[in-house]
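Novice:
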Amino acid sequence: MRGVRLKCVSTRKFKTGAISLSLICPLDKKTAALNAVLPYVLRRGTASHPDMVSIEAYLDELYGARLEPVLRKRGEVQCVGFYADFVDEAFVGRGTGIIEKVSELLGEMLLMPAIAGGRLRRDYVETERDNLIADIKSELNDKRSYASHRLLENMCDRERYSVPKLGRLREAEKITVATLTNHYRSLIGCAPVEVFYCGSADPDRVARAVRDALSGLPRREITPLPTTEIRYAPKGPAREFTETMELTQARLCMGYRVGDAMRRPNRAALSVANAMLGGAPTSKLFMNVRERLGLCYYVSSGLDSHKGVLLISSGVDGEKLGDARAEIEAQLAALKAGDFEDWELETAKKSIVTAYLSVCDSQPALEAAYLDFGLSGLELGADDIAALSEEVSREDVMEIFRGLALDSVFTLRNGGGDDVQ
Amino acid sequence: MFNKYEYGRIGEQCWRERLDNGLRLIVVPKKEYNRSLAFLAVHYGGADRRFKQGGEWTDTPAGVAHFLEHKAFELEGGEDAMTVMTRRGANVNAFTSSEMTAYHFDCVSDFYENLETLVGFVTRPGFTKESVEREKGIIAQEIKMSEDDPDHAVYYGLLKGLFKKHPIREPVVGTVESISGITDELLRTCHSAFYVPENMTLVTVGDLDPISVRKEAERLFPRGYRMSPEREKVREKLEPAKKRVTAKMEVAETIFLAGAKTDSPSGGADGVRAELVAALSLNTLLSEASPLYSELYSEGLINETFSYDFERSNGVSFLSFGGETARPDEVTERVLAEAKRLADGGIDEKYFARRKKAAMGDELRALNSFDNIAYNLALGAAGGYDYFETAPMLKDVTADEVRDFLKTWLTGERLSVSVVQRKE
Chain A
24 MRGVRLKCVS TRKFKTGAIS LSLICPLDKK TAALNAVLPY VLRRGTASHP DMVSIEAYLD
84 ELYGARLEPV LRKRGEVQCV GFYADFVDEA FVGRGTGIIE KVSELLGEML LMPAIAGGRL
144 RRDYVETERD NLIADIKSEL NDKRSYASHR LLENMCDRER YSVPKLGRLR EAEKITVATL
204 TNHYRSLIGC APVEVFYCGS ADPDRVARAV RDALSGLPRR EITPLPTTEI RYAPKGPARE
264 FTETMELTQA RLCMGYRVGD AMRRPNRAAL SVANAMLGGA PTSKLFMNVR ERLGLCYYVS
324 SGLDSHKGVL LISSGVDGEK LGDARAEIEA QLAALKAGDF EDWELETAKK SIVTAYLSVC
384 DSQPALEAAY LDFGLSGLEL GADDIAALSE EVSREDVMEI FRGLALDSVF TLRNGGGDDV
444 Q
Chain B
130 MFNKYEYGRI GEQCWRERLD NGLRLIVVPK KEYNRSLAFL AVHYGGADRR FKQGGEWTDT
190 PAGVAHFLEH KAFELEGGED AMTVMTRRGA NVNAFTSSEM TAYHFDCVSD FYENLETLVG
250 FVTRPGFTKE SVEREKGIIA QEIKMSEDDP DHAVYYGLLK GLFKKHPIRE PVVGTVESIS
310 GITDELLRTC HSAFYVPENM TLVTVGDLDP ISVRKEAERL FPRGYRMSPE REKVREKLEP
370 AKKRVTAKME VAETIFLAGA KTDSPSGGAD GVRAELVAAL SLNTLLSEAS PLYSELYSEG
430 LINETFSYDF ERSNGVSFLS FGGETARPDE VTERVLAEAK RLADGGIDEK YFARRKKAAM
490 GDELRALNSF DNIAYNLALG AAGGYDYFET APMLKDVTAD EVRDFLKTWL TGERLSVSVV
550 QRKE
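Following this line, the structure appears as structure tokens:
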């Protein structure tokens, strides 16, 4: 089918089968909130299962199959869809046709939503819009992710990357039945679709089931797979942003551009470099800033290998903010200078090998990895990246460290009343 | 005897034996997996605060079990076992609940080296007086961080509402004050009392040879059999200590958790069956597939944070339900009214049958997770039941049992409500 790609992983090791379906959309401030709310609205009811009670009843009959909306941000791409898993036929008897039934339900959810007057149902749209608004607001509850979001919003203010996965509050508030229905129609007509299956069924049978389920897909001009704009260097000196809030600990977030290493990204080396810096418990940051000097409650680094942005995030006592930041920068400088032991590299490699090999042991992780690799244009599996990680050299990671340039810093300080000690 | 057990209906098998030193050993072979997991449970947790030693009762402050978990990783000479294992590429972690301290790792290579390190640091403490003092700062930070967490606050708010004196009402991590008095001597006392093979379960899951695992387990653990001490059994009335507990924090939406104590049997197959009945009752009443959930959700009274739970540990049991809502009292009232309707004969047989079918599916799905398998097998080993036998038990649970459960426990007078409101 045009614009639909199916990936099958055949294995008998799980108790369940899994099918996912994602519409691949460019991340854009005008559509992000619409995309974010859409799978939740579609999940509310279909033509033949018009409300949650009847959907859940049907899922119960399918031995408690689960079908959940999934929303992801990968670089400047927003992936919108559903993930379903269900008991493998080996445990409920061959011939139950559970793969066909789940595929059909997925197809119906995408293509035949509950409709009123030719539009998505008002009550569904409005409650889900309100839920989205509440979710965006409740980000406040988790100070750690709030600080990361605020950093990215400021750091990438001229880039689509600044748009959060859930979209912006003011866009969410503007969602109406008409705007969402129009957006929905254009998406199913034009967005590339990625389908994933993992389980014991024969791939041909899965392909048939998926083709049948999506036969009503109104394929028009398919949008090319959206891409992510990469900025290789910050515009100037690091920018500083600060907010205050009533807190027991301050939060420090530092955003870096990965730089030239993004011109031909080496996924294995990027993962290993991040593990050495702050992505593993034997990392420079964890061992020094937290364990040796006790300057923070937590410190870690994370890397978006689509966008080429590396983020260091830390929880710190207000009065130690300066020391913590200085030490973080000192540790990165050490890595840039090649001032690290061989065991640090070897340990990071082993932790990345473990991580990628473990992906093969989990259906949701496999699903996420295939989507991720597919978007990066990598024709590889997690086990391949594990093998490549073993080969990563000192020079490979040094090249990445040298390219890291600080772009922006966001600090969340205690401002309301006395610090609660 | 190290015997093999087959569970055809769920496609699992395991080897198990209680060794001469009292260690419970369970080996679950899993073909085709890259990861192997070892899970060492010490059946000693945050609520095991008072115990009998040499004829005398000993009282310990809140947070000792968790403190011990932190210090266990320190090897003689000060090296950190976590670093040693992480350098081999293993993922190592530990947690403390109210009734268990568990140390576990998973890896894709060097399994037996890691097992040796794990058993070594758990059975031979390496901490010193100085390192214990130093740890207080780190744990105090962890406590403060948890105190910042609204979910933590609403949960312990409920436990304080439900229980008057049972130690389960104190956070497992303790408080900054309670841990300040902990000494290395106290940690040693508790370690030597509870960290004995008789009080431990080792579960491995992965593509491992059972005979080799057993051989290593025999070699690595201390030889002698020694009983861990008797713990105090705290009995409480079933009425809640307080009807309502309120806190104010910086949250976007009010969070609530309502709950009630139950008198479920605490051990053996009866206990786990009671747990299944409780879980299926709450599932029938409150799951996403229930009529009530759908109503409340459509009216915007609850969102996807709404959840429910039944917990059974340390000789007590309680149910709970809650989530974000602007109107906690209205949600609570509606739940009670629906429970009454169902208890008065309103359980549709078809609906109940398919909820059971779905619950079976959930039990099977849970077997994808090594951590879940290991945790539940260990819990069952100490609690006198076999986790792999529980899923098939579901079949026999009747709608009458569910009615009884709802009628007995979901009533206004049993309920305590914990609320975290936004600070204005």
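These protein sequence lines map, in sequence, to chains A and B. According to my numbering, the first sequence is numbered sequentially starting from 24. According to my numbering, the second sequence is numbered sequentially starting from 130. Virtual Cβ for every residue (Gly too), placed ideally from N, Cα, C. All values reported here derive from a predicted model rather than from experimental measurement.
(1) Whole-angstrom Cβ separation of L129 (chain A) and C276 (chain A), contact assumed at under 8 Å?
(2) Counting only beta-carbon atoms, is T215 (chain B) nearer than 7 Å to chain A?
(3) Between which two residues does the beta strand (DSSP E) harbouring V332 (chain A) extend?
(4) Between the C-alpha atoms of L421 (chain B) and E198 (chain B), what's the straight-line distance to the nearest angstrom?
(5) Below 8 Å on the Cβ atoms is my guess for G87 (chain A) versus S43 (chain A); work out the distance and round it to an integer in Å.
(6) By the three-class DSSP mapping on this structure, what secondary structure does M274 (chain B) have?
(7) Note down, in chain order, every chain B residue with its Cβ under 7 Å from the Cβ of P304 (chain A).
(8) So, with DSSP's three-state summary, where would you put D177 (chain B)?
(9) In the stretch 355-381 of chain B, which residues sit with their C-beta less than 7 Å from some C-beta in chain A, listed in chain order?
(10) May I have the straight-line CA-CA distance separating G141 (chain A) from N205 (chain A), to the nearest angstrom?
(11) Could you list which residues in chain B have their beta carbon closer than 8 Å to that of K307 (chain A), in chain order?
(12) Measure the Cβ-Cβ separation of A170 (chain A) and L435 (chain A) and say whether it is below 7 Å.
(13) Does any CB atom of chain A fall closer than 7 Å to the CB of V459 (chain B)?
(14) For the alpha helix (DSSP H) that S323 (chain A) lies in, which residues bound it at each end?
(15) Would you grab the beta carbon distance between A528 (chain B) and E478 (chain B) for me? Rounded to a whole angstrom, and I think it's under 8 Å.
(16) Scan the stretch 156-171 of chain B for residues whose Cβ lies nearer than 8 Å to a Cβ of chain A and list them as they occur along the chain.
(17) Determine contact between the stretch 457-476 of chain B and the stretch 64-82 of chain A, defined as no fewer than three beta-carbon pairs at a distance below 8 Å.
(18) Can you pull out the residues from the stretch 381-393 of chain A whose beta carbon lies closer than 8 Å to at least one beta carbon of chain B?
(19) From what residue to what residue does the alpha helix (DSSP H) around M356 (chain B) run?
(20) At which residues does the alpha helix (DSSP H) containing T413 (chain B) begin and terminate?
(21) Give every residue of the same chain whose Cβ lies closer than 8 Å to the Cβ of V432 (chain A), excluding the five residues on either side of it in the sequence, and list them in chain order.
(22) Going by beta carbon distance, what residues of the same chain come within less than 8 Å of F481 (chain B), once the five residues before and after it are set aside?
(23) Taking only three categories from DSSP, how would you classify F309 (chain A)?
(24) Hey, could you find the ends of the alpha helix (DSSP H) I502 (chain B) is sitting in?
(25) For V380 (chain B), which residues from the same chain have a beta carbon less than 7 Å from its beta carbon, with the 5 sequence-adjacent residues on both sides left out?
(26) Where does A167 (chain B) sit, in a helix, a strand or coil, going by DSSP?
(27) Report, in whole angstroms, the separation of the C-beta atoms of L430 (chain B) and T540 (chain B), which I expect to be a contact under 8 Å.
(28) Classify A59 (chain A) as helix, strand or coil using the three-state DSSP reduction.
(29) Are three or more beta carbon pairs between the stretch 192-208 of chain A and the stretch 120-128 of chain A nearer than 8 Å?
(30) Mind pulling the alpha helix (DSSP H) runs of 4 or more residues that sit fully within the stretch 250-320 of chain A?
(31) Going by DSSP, which residues form a beta bridge with N233 (chain B)?
(32) Measuring CA to CA, which of B:L448, B:Y285, B:P326, B:H295 is closest to S562 (chain B)?
(33) Excluding five sequence neighbours on each side, which residues of the same chain lie with their C-beta closer than 7 Å to the C-beta of L247 (chain B)?
(34) How do the stretch 50-65 of chain A and the stretch 145-152 of chain A stand: do at least 3 beta-carbon pairs fall below 8 Å, yes or no?
(35) Helix or strand or just coil, what does DSSP make of V415 (chain A)?
(36) How close, in whole Å, do the beta carbons of I47 (chain A) and E217 (chain A) come, if the pair is a contact with beta carbons under 8 Å?
Specialist: According to the structure data:
(1) Taking C-beta atoms under 8 Å as the contact rule, L129 (chain A) and C276 (chain A) fail to qualify, at a distance of about 37 Å.
(2) Answer yes: the Cβ-Cβ gap between T215 (chain B) and chain A drops below 7 Å somewhere.
(3) Taken as a continuous stretch (DSSP letters only), the beta strand (DSSP E) holding V332 (chain A) covers 332-339.
(4) Straight-line measurement puts the Cα of E198 (chain B) at about 42 Å from the Cα of L421 (chain B).
(5) Rounded to whole angstroms, the Cβ separation of G87 (chain A) and S43 (chain A) is 18 Å, and the two are not in contact under 8 Å.
(6) In the three-state reduction of the DSSP assignment, M274 (chain B) falls in the helix class.
(7) Neighbourhood of P304 (chain A) in chain B, by CB distance below 7 Å: M211, T215, in chain order.
(8) In the three-state DSSP reduction, D177 (chain B) falls in the coil class, being neither helix nor strand.
(9) Only E379, V380, A381 from the stretch 355-381 of chain B bring a Cβ to less than 7 Å from some Cβ of chain A.
(10) Straight-line spacing of the CA atoms in G141 (chain A) and N205 (chain A) works out to 11 Å.
(11) Within 8 Å Cβ-Cβ: nothing; K307 (chain A) doesn't reach chain B, min ~13 Å.
(12) A170 (chain A) is a Cβ neighbour of L435 (chain A), given a cutoff of 7 Å.
(13) The sequence shown places Glu at residue 459 (chain B), not Val. Proximity of E459 (chain B) to chain A, defined by a Cβ-Cβ separation below 7 Å, is not satisfied.
(14) Unbroken run through S323 (chain A) is the beta strand (DSSP E), 321-327; no alpha helix (DSSP H).
(15) 6 Å between Cβ atoms; contact.
(16) In summary, the residues of the stretch 156-171 of chain B whose CB is separated from some CB of chain A by less than 8 Å are K159, K160, E161, Y162, N163, R164, in the order they occur in the chain.
(17) Fewer than three pairs of CB atoms, one per stretch, sit closer than 8 Å, so the stretch 457-476 of chain B makes no contact with the stretch 64-82 of chain A.
(18) From the stretch 381-393 of chain A, only S381, C383, D384, S385, Q386 have a Cβ closer than 8 Å to chain B.
(19) Note, M356 (chain B): premise wrong, no alpha helix (DSSP H); not H, not E.
(20) Taken as a continuous stretch (DSSP letters only), the alpha helix (DSSP H) holding T413 (chain B) covers 397-415.
(21) Contacts found: L174, A261, R262, E263, F264, L275, C276, M277, G278, R348.
(22) Annotation for F481 (chain B): T413, A528, V531 place their beta carbon closer than 8 Å to its own, counting only its chain and skipping 5 residues before and after.
(23) In the structure shown, F309 (chain A) sits in a helix (DSSP, three-state: H, G or I).
(24) Element bounds for I502 (chain B): 499-512.
(25) Only residues of its own chain outside the window of five on either side were considered, and among them P279, V549, R551 have a CB closer than 7 Å to the CB of V380 (chain B), listed in chain order.
(26) A167 (chain B) carries a strand assignment under DSSP once its states are collapsed to helix, strand and coil.
(27) Cβ atoms of L430 (chain B) and T540 (chain B) stay farther apart than 8 Å, at about 21 Å.
(28) In this structure, A59 (chain A) counts as helix in the three-state DSSP scheme.
(29) As far as the Cβ criterion goes, the stretch 192-208 of chain A does not touch the stretch 120-128 of chain A, which means the pair count is below three.
(30) Qualifying alpha helix (DSSP H) stretches, in chain order: 290-297.
(31) Sequence inspection shows His at residue 233 (chain B); the Asn mentioned does not correspond to that position. DSSP lists B:F168, B:N222 as partners of H233 (chain B).
(32) Nothing can be reported for residue 562 (chain B): it is not among the residues displayed for chain B, which extend from 130 to 553.
(33) Within the same chain, L247 (chain B) has close Cβ partners A167, L169, Y232, F234.
(34) Yes, since at least three Cβ pairs between the stretch 50-65 of chain A and the stretch 145-152 of chain A fall closer than 8 Å, the two stretches touch.
(35) V415 (chain A): coil per DSSP, three-state reduction.
(36) Rounded, the Cβ-Cβ distance is 6 Å, consistent with contact.
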